[in-house]
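Below is one structure, written out as structure tokens; comments come after it.
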Amino acid sequence: MTVETGPPDTRARPDRAGTDPAEPLLRVRDLTMTFAGRRSAPVRAVDGVSFDLAAGETLGLVGESGCGKSTTGRMLVRLLEPTSGSVRFDGRDISRLSPRALRPLRRHIQMVFQDPHSSLNPRQTVARIISDPLLVQGASAVDARRRAAELMELVGLIPEHIDRYPHEFSGGQAQRIGIARSLATGPRLIVADEPVSALDVSVQAQIVNLMERLRAELGLAYVFIAHDLSVVRRVSDRVAVMYLGRIVEIGDKKSLYENPQHPYTRALLSAVPLPDPVAERRRERIVLLGDPPSPAAPPSGCTFHPRCAKAQAICRTERPLLQVTASREVACHFPGD
Amino acid sequence: MAALPEPPLLQVRDLRVTFTTPRGSVRAVDSLGFTVEAGRTLGIVGESGSGKSVTSLAVMGLHRGAEIGGSIALAGQELTGLTERELSRLRGRKMAMIFQDPLSSLHPYYTVGEQIAEHVRVHFGARRAAARRRAVDMLGEVGIPEPARRAGEYPHQFSGGMRQRVMIAMALVCEPDLLIADEPTTALDVTVQAQILELIARLQQERGLGVVMITHDLGVVARVAHDVLVMYGGRAAEQAGVDELFAGPAHPYSRGLLDSLPRLDDADDEPLRAIPGSPPSLLAPAPGCAFAPRCHVAAAATPQQRRRCATERPEPRPYGAARRSAACHFAGADTAATAQTAQTAQTAQTAQTAQTAPEVSP
Ligand SMILES: Nc1ncnc2c1ncn2[C@@H]1O[C@H](COP(=O)(O)OP(=O)(O)OP(=O)(O)O)[C@@H](O)[C@H]1O
Ligand SMILES: Nc1ncnc2c1ncn2[C@@H]1O[C@H](COP(=O)(O)OP(=O)(O)O)[C@@H](O)[C@H]1O
Ligand code: SF4
Ligand code: SF4
Ligand SMILES: [Mg+2]
Ligand SMILES: [Mg+2]
């Protein structure tokens, strides 16, 4: 499989007249999402998230359940309209565009979901599922079908299975279908929300390898959301750690994993069980007290303070902002050791 | 001669569990045997559908409508063939189980204190007030702050991690000897998982519990297990001490699983060594080794050896250390020296087995 089988017009760019040529593929600023609670207080699921993503780069987004990873991802692809803040894609703010104005841009930004089976329509054939985004973009039925077969081959499926239904595929194969669908329009950015979490261990590696290969062949950029820190380390160039709707540490993958600066990043990394019994016995673990708090009632100041062993008086009153420390950004009054 | 040795806490032999479905009968677990000693943890790993839960439910006598064959002995007492009444007397008192989703096993309309106390009353015939005191003590023991107040709350008022603590309190309040934990931390965040695993380990030490820890996470196994059972397609692929398994897996599937994991400390510039294909269907089991279509050892073997894999089902056979076993015609073939073929490796391994419990070099 070669680049030629890839989308024909991958490099086609949306209108970017009058934008800064140095602007990254994706520029996210102060992204915030507040859900109006039905009977409860409003939930600020995402609270001032900012980051840049270059073309062809992968940003890993990690954090515990409910910290706002999926909500962030859904705003990036505009499945959700942010409460405030901006998402600039290729120099253009897409966070406020109407559905109509958004349509030509949709082809450039696609999403892959966690549960491969429930994200595919059970009553549609694979041909239909994969070619749908192309038909929406105005391709002819014949072209769309041919392209669907090519994409199946690209993601390691047998093109002869094009008329089968999702339930006839295993979880790993279904995830390949989801990936093929996301590639149909020749996107430049894929937001993958826990793309391997629902898969069997032995199949996860296949999908991770596939996504890495596609990135190299097609020059894709990924926002890769996962709670599994080992998987994220493997696929990412940079990693952002989220806690209660905020990024608490973001930086180069290697330095973040080898020398985490935020107390939460440290605790998170030390909690991951290593598949090595000898190392596990030797290891000193930071066991955090308590559960992640609810975003409906976030603690004051640094929201991590009730669980942080290093917390001082200032942590309860003043919110730490992201600041450059040890070649990455950290939101903590007392970063490092 | 000394007196007969005490029987192990749990001894399962040749377990077979068969379900009748509209599409035919499904042998979800077959020829499975393992042992759990008091004070030790057996980790059972395997992919979705490999038979982990079916096995644990069979031990607990919780299968309705399944046909159970073989033997399950708890401290020497045979459990297969017991009536539901006899079994329910043992559940809670001698053996207990916790699940991935505690909400599904807690009653929404009773306070957690009432639910735990109820167990104490049923099994010990305790008075209401005494049972309630015992429940509060137990909640404190599993690390629930302000246990007296929280005992009066309902399950939905607890977070996921706290609910799992409640489940553990309920499971252990009647002081069973065996605890079966089926993916107890899979639904929890990793920092909360660390708390729960630590709690189970502490209670195990204090009480000398035998623990069966079912998980698909090899990291969890490495952290908590003394012994490991790797399941594939309803059967044992390999059984080994935890250090032996991770140092040198004997079964190609165990090897494949360990190799395919992304690690926090690997060189991340090469592709992961993925196992090709997907887990087998139990509806149409192949005659030979269930792992054959995905097996790298079989793929590299001679046509004659491959035919054996495709036609002859490998049974668990002793391998290396005492009580270690692998169900593979060419066990250890890819673990032994790299340049050796499956054939010569197997010969070497057979020779090794003949000596006394040598370690397998990784
Ligand atoms: N009541 C039932 N009737 C028919 N088949 C069943 C029944 N319960 C389980 N099975 C089958 O038995 C096999 C083993 O299931 P089991 O639940 O033990 O898997 P598991 O190893 O616990 O998987 P997981 O990791 O997904 O929990 C599966 O193929 C399953 O579909
Ligand atoms: N549609 C919604 N309405 C109300 N609250 C929501 C909605 N979607 C998500 N939330 C809340 O926002 C927070 C972040 O959720 P999510 O982004 O799904 O977290 P993650 O993906 O990191 O697990 C959670 O507290 C969640 O309950
Ligand atoms: S700001 Fe204070 S409470 Fe927050 S992480 Fe840093 S030290 Fe801990
Ligand atoms: S018996 Fe053959 S197919 Fe099965 S695991 Fe061993 S080598 Fe592989
Ligand atoms: Mg999510
Ligand atoms: Mg199960």
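Chain order of the listed sequences is R and A.
Heads up: the first sequence begins at 1 in the numbering used here, then just goes up one per residue.
Heads up: the second sequence begins at 1 in the numbering used here, then just goes up one per residue.
Where a beta carbon is used, it is the ideal one built from N, C-alpha and C, also for glycine.
#1: Please list, in chain order, all residues with a C-beta atom less than 5 Å from at least one heavy atom of ligand 3.
#2: If you count every other CB in all the chains shown that lies within 10 Å of the CB of Leu15 (chain A), and 16 or more means buried, which is it?
#3: Any heavy atom of ligand 6 closer than 7 Å to the beta-carbon of Ser53 (chain A)?
#4: In this structure, does DSSP put Asp276 (chain R) in helix, strand or coil?
#5: In chain order, what residues of the region 153-167 of chain R put their CB closer than 9 Å to some CB of chain A?
#6: What residues from chain A crowd round Ala405 (chain R), counting only those whose CB sits closer than 8 Å?
#7: Using only CA atoms, which one of R:Ser119, R:Arg74, R:Gln114 and R:His117 lies nearest to Arg106 (chain R)?
#8: Counting contacts by CB-CB distance shorter than 8 Å, is Ser278 (chain A) in contact with chain R?
#9: Quick one: residues in its chain with C-beta nearer than 6 Å to the C-beta of Glu64 (chain R), no 5 flanking neighbours on either side, listed in chain order?
#10: Within 10 angstroms of the Cβ of Asp200 (chain R), are there 16 or more other Cβ atoms? Answer buried if so, exposed if not.
#11: Any heavy atom of ligand 4 closer than 7 Å to the CB of Val297 (chain A)?
#12: Chain A partners of Asn209 (chain R), CB-CB under 8 Å?
#13: Near Gln340 (chain A), which residues of its chain fall below 6 Å by C-beta distance, leaving aside the five closest residues on each side in sequence?
#14: Any idea if Pro195 (chain R) is buried or exposed, counting beta-carbon neighbours within 10 angstroms, 16 or more meaning buried?
#15: Could you name the residues of chain A that Ala271 (chain R) contacts, counting a contact when the two beta carbons are closer than 8 Å?
#16: Cβ-heavy atom distance between Glu183 (chain A) and ligand 6 below 7 Å?
#17: Using a Cβ-based criterion (distance less than 7 Å to any ligand heavy atom), does Asp189 (chain A) qualify as near ligand 5?
#18: Does DSSP put Met162 (chain A) in a helix, a strand or coil?
#19: Answer yes or no: does any C-beta atom of chain R fall closer than 8 Å to that of Leu261 (chain A)?
#20: Quick one: is Glu47 (chain A) near chain R, going by C-beta distance under 8 Å?
#21: So Leu74 (chain A) and Met95 (chain A) are in contact, right, with Cβ under 8 Å, and what is the actual spacing, rounded?
#22: If you draw a straight line from the alpha carbon of Arg123 (chain R) to that of Arg164 (chain R), how long is it in whole angstroms?
#23: With H, G and I counted as helix, E and B as strand and the rest as coil, what does DSSP make of Ser236 (chain R)?
#24: Between Ala38 (chain A) and Asp177 (chain A), which are expected to be in contact by the criterion C-beta below 8 Å, what is the C-beta distance as a whole number of angstroms?
#25: Using alpha carbons as the reference points, say which of A:Ile214, A:Ala148, A:Ala267 and A:Pro249 lies closest to Val54 (chain A).
#26: Which partner residues does Pro318 (chain A) have in the DSSP bridge list?
#27: Counting pairs of beta carbons, one from the region 203-221 of chain A and one from the region 30-45 of chain A, are three or more of them closer than 8 Å?
#28: On the criterion of 16 or more Cβ atoms from any shown chain inside 10 Å, does Pro287 (chain A) qualify as buried, or is it exposed?
#29: If the criterion is Cβ atoms closer than 8 Å, does the pair Ala321 (chain R) and Val223 (chain R) meet it?
#30: Could you pull out every unbroken alpha helix (DSSP H) segment of at least 4 residues lying fully inside the region 152-205 of chain R, listed in chain order?
#31: For ligand 5, any of its heavy atoms closer than 7 Å to the Cβ of Asp193 (chain R)?
In terms of the structure at hand:
#1: R:Pro263, R:Cys302, R:Phe304, R:His305, R:Cys308, R:Lys310, R:Ala311, R:Cys315, R:Pro320, R:Cys332, R:His333 and R:Phe334
#2: buried
#3: yes
#4: coil
#5: none
#6: Since the first residue shown for chain R is 1 and the last is 337, residue 405 (chain R) is missing from the structure and cannot be characterised.
#7: R:Arg74
#8: yes
#9: Pro292
#10: buried
#11: yes
#12: Pro271, Leu272 and Ala274
#13: Note that Gln340 (chain A) has pLDDT 39, beneath the 50 cutoff, so the model's placement of it is unreliable and no number is given.
#14: buried
#15: Val190, Thr191, Gln193 and Ala194
#16: yes
#17: no
#18: helix
#19: yes
#20: yes
#21: 6 Å
#22: 10 Å
#23: coil
#24: 6 Å
#25: A:Ile214
#26: A:Ser325
#27: yes
#28: exposed
#29: Checking the displayed sequence, the identity of residue 321 (chain R) turns out to be Leu instead of Ala. No, these two residues do not count as a Cβ contact at 8 Å.
#30: 171-183
#31: yes
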